[in-house]
Amino acid sequence: MQIKAQWLTDTALLLQAGSQDWSQNHWPQLAAACQDLADCQEQVVGLDSLLLVFGPAHRHLLVQLLPQLEQRLQCLTAQRSSPRLLQIPVHYGGTQGPDLVRVAQHTGLSPEQVIELHSQAEYQVLCLGFQPGFAYLGGLPAALSTPRLDQPRLRVPAGSVAIGANQTGIYPSHSPGGWNLIGQTSVPLFDPYADPPCLLQAGDRVRFIASQADD
Amino acid sequence: MIKLLKPGWQSLIQDLGRAGYRHLGISQAGALDRPALLSANLLVGNPITSAGLEICGGGLQLEFEQPGYFALAGAYCQAYLDTQPVYPGFAYPAQPGQQLKLGQITSGFRCYLAVSGGILTEPCLGSRSTDLNNGFGGLQGRALQAGDRLFCHPANIPPKSLEQGLRTLDFQRPIRLLPGPEWSRFDASALQIYQQPWQIRAQSNRMGYRLKGPKLRLQSQLELRSEPIMPGLIQVPPDGTPILLLNDAQTLGGYPRLASVIYADLWRLAQYRPGDWLHFELVDIALATQARHQHLQYLQRLQALFDD
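Chains as they are written, first to last, in my numbering: chain L, 1 to 215; chain Z, 216 to 523.
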């Protein structure tokens, strides 16, 4: 397994896959392994990369960092990850999932089948971004893939569970959005005054549980 | 307490921003001109982590409701404490009932106000900075409005004063860039980022400056997914219009990354407004590193001036 590294800015180092055998699951693990690098303030996982943000006083040279990263990579291959599993109750359809019928029509499934497929899958939190606490989830069943709306909504309610093309996610806060809204959860995904502030983090596993009553 | 009489064009409570939360999608926020806020805080004897006001464009008017000290730093504007002129780079005492009135900022764009003891809103995620997009931090996550009252402690002991005022840094020099990860994926049009000046469009804010100039083109189509981005990065969407990201930008983005502003020059971006022209020059990592350490040494010398 190999990575390639280059400076994104003079204080942030971008790591990308350097070999075919690289797996997306390794990014959160490598992020954790890099926490002890000198002056490393942030380890930000992306869909296909990892950014190490150093404090402005750092004195790292790329040529000196590479062996340190290599060393951490070697330890990764020996690791077994045991990510957390979070089960998120979702009220599917109705006024909380106004695009459920649209998804059903596009995929040729019944709304009940959409709910069943969506809630049976196990998803991986690939990374967080776009909004505080917004998790990019991998593992949407291909049969559920539905194009984004032609016109994004000006306001998607907080907690909306949505499908956009071949991805699924939850909007932590209300925002404009162009994904298909199939349900809603009342579990808070982001609270700036809570510790930790976000429910999810990169590397977690997620399951959606169809709930009947309001939570 | 301080009472806002007029907020000016946009005034925000900011400190040095949030660090350590980008992996959760939480932006840095914080003062765009860090040296200016730092200077203002030093002048009133505050820790450099104290929160102050970032005043964009000028026009702020406030009333002190208790005794204290204040200082302005950053862009110059005509300012009065009642009828007494006050200048950036100096600390002044204020008595209850006195009013501070700022005129329009004509050179630069942002100045910073520090008060003794700092503005004391409830910290959020380790910082008092305002996250405008997500509505938290600072005062209710929003720009200040007339009638707002800001909590701070009264102070009667004067801060250490210097023989001379603190000089405002010169922002009007070319902004130095490092090539980005996708630099070589652009065609020769990319060279124009430093071959000519770029005008800041009206649709610009603390998330980023949209730059007006020739379209920048990739050699061939490039599909990028959502990857980590940073303030200072210049990304180029499919329409070819570069966007220079600032502190309130999102933490992930999917556009090609042409170049980034070096750390030592980030503060200068705070002093440009829509309609202004930005001049860039390309440097390498060695020069960027040297400039960064020189910049930090300057900040350390500043702090040393106020040490006992």
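Heads up, the beta-carbon is just placed ideally off N, CA and C, and yes, glycines get one too.
Residue-chain proximity (residue i, chain L), Cβ-Cβ < 8 Å
i, result
"Z/Thr504", "yes"
"Z/Tyr409", "no"
"Z/Phe351", "yes"
"Z/Gln518", "no"
"Z/Pro396", "yes"
"Z/Thr466", "yes"
"Z/Ser441", "yes"
"Z/Gly380", "no"
"Z/Cys339", "yes"
"Z/Tyr478", "yes"
"Z/Ile372", "no"
"Z/Ile270", "no"
"Z/Arg472", "yes"
"Z/His238", "yes"
"Z/Met422", "no"
Extent of the continuous alpha helix (DSSP H) run through residue i
i, result
"L/Glu112", "111 to 120"
"Z/Gln314", "That residue, Z/Gln314, is in no alpha helix (DSSP H); its beta strand (DSSP E) goes 314 to 317."
"Z/Ile408", "407 to 410"
"Z/Pro250", "249 to 258"
"L/Thr107", "100 to 107"
"L/Pro28", "26 to 33"
Span of the beta strand (DSSP E) around residue i
i, result
"Z/Gln512", "Taken as a continuous stretch (DSSP letters only), Z/Gln512 belongs to no beta strand (DSSP E), being part of the alpha helix (DSSP H) at 500 to 520."
"Z/Leu393", "390 to 394"
"Z/Leu268", "267 to 271"
"Z/Ala329", "322 to 330"
"Z/Ala309", "306 to 309"
"Z/Gln418", "Looking at the DSSP string, Z/Gln418 is not in any beta strand (DSSP E), and its letter there is neither H nor E."
"L/Val125", "123 to 128"
"L/His91", "85 to 92"
"L/Ser160", "160 to 164"
"L/Arg207", "205 to 210"
"Z/Val451", "Where Z/Val451 is concerned, there is no enclosing beta strand (DSSP E), given that its DSSP letter is neither H nor E."
"Z/Glu337", "It is not in any beta strand (DSSP E) - Z/Glu337 carries neither H nor E in the DSSP assignment."
"L/Ile3", "3 to 9"
"Z/Glu496", "495 to 497"
"Z/Pro300", "299 to 301"
"Z/Leu227", "225 to 229"
"Z/Ile353", "At residue 353 of chain Z the sequence reads Gly, which differs from the Ile that was named. Segment: none, Z/Gly353 is in no beta strand (DSSP E) and carries neither H nor E."
"L/Gln184", "180 to 184"
Interface flag, residue i vs chain Z, CB-CB below 8 Å
i, result
"L/Val53", "yes"
"L/Trp7", "yes"
"L/Leu128", "yes"
"L/Asp48", "yes"
"L/Gln198", "Reading the sequence as shown, one finds Cys at residue 198 of chain L and not Gln. Yes, L/Cys198 lies at the interface with chain Z (some Cβ there is under 8 Å from its Cβ)."
"L/Asp215", "The predicted position of L/Asp215 is uncertain, since its pLDDT is 46 and thus under 50; no value can be drawn from it."
"L/Asp10", "yes"
"L/Gln43", "yes"
"L/Ala202", "yes"
"L/Ala57", "yes"
"L/Pro147", "no"
"L/Gln68", "no"
"L/Leu14", "yes"
"L/Gln131", "yes"
"L/Ser186", "no"
"L/Ser119", "no"
"L/Asp176", "Sequence check: residue 176 of chain L is Pro here, not Asp. Judged by the 8 Å Cβ criterion, L/Pro176 is not in contact with chain Z."
Supposed contact pair residue j and residue i - C-beta distance, whole angstroms, cut 8 Å
i, j, result
"Z/Ile444", "Z/Pro452", "At roughly 13 Å, the Cβ-Cβ gap does not stay under 8 Å, so Z/Ile444 and Z/Pro452 are not in contact."
"Z/Pro489", "Z/Ser419", "5 Å"
"Z/Pro446", "Z/Ala370", "Rounded, the Cβ-Cβ distance is 33 Å, inconsistent with contact."
"L/Trp7", "L/Leu13", "6 Å"
"Z/Ser441", "Z/Leu467", "4 Å"
"Z/Leu296", "Z/Pro222", "Actually they do not touch by this definition, with Cβ atoms about 18 Å apart."
"Z/Leu315", "Z/Ala294", "7 Å"
"Z/Trp413", "Z/Leu426", "4 Å"
"L/Gln41", "Z/Ala234", "5 Å"
Proximity test, residue i beta-carbon vs the ligand ATP heavy atom, cut-off 7 Å
i, result
"Z/Gly395", "Of the ligands one can find in the structure shown there are none, so the ligand ATP has no counterpart to examine."
Taking 8 Å as the threshold, find out whether the stretch 489 to 503 of chain Z comes into contact with the stretch 406 to 419 of chain Z through three or more Cβ pairs.
-> yes
Are at least three pairs of beta-carbons, each pair with one atom in the stretch 349 to 359 of chain Z and one in the stretch 319 to 327 of chain Z, less than 8 Å apart?
-> no
Validate contact between the stretch 60 to 80 of chain L and the stretch 155 to 165 of chain L using beta carbons, cut 8 Å, 3 pairs | no
Is the stretch 200 to 209 of chain L touching the stretch 290 to 308 of chain Z, taking contact as three or more C-beta pairs under 8 Å?
-> no
Is the stretch 322 to 340 of chain Z in contact with the stretch 260 to 274 of chain Z, if contact means three or more CB pairs nearer than 8 Å?
-> yes
The stretch 189 to 199 of chain L / the stretch 236 to 245 of chain Z touching (three or more Cβ pairs under 8 Å) | yes
Tell me, please, whether the stretch 58 to 68 of chain L touches the stretch 140 to 151 of chain L by the rule of three or more beta-carbon pairs shorter than 8 Å.
-> no
Between the stretch 497 to 511 of chain Z and the stretch 385 to 392 of chain Z, do three or more beta carbon pairs fall short of 8 Å?
-> yes
Are there three or more Cβ pairs, one per stretch, closer than 8 Å when the stretch 46 to 62 of chain L is compared with the stretch 169 to 179 of chain L?
-> no
Ranges of the beta strand (DSSP E) found wholly within the stretch 460 to 492 of chain Z, counting only runs of at least 3 | 472 to 476
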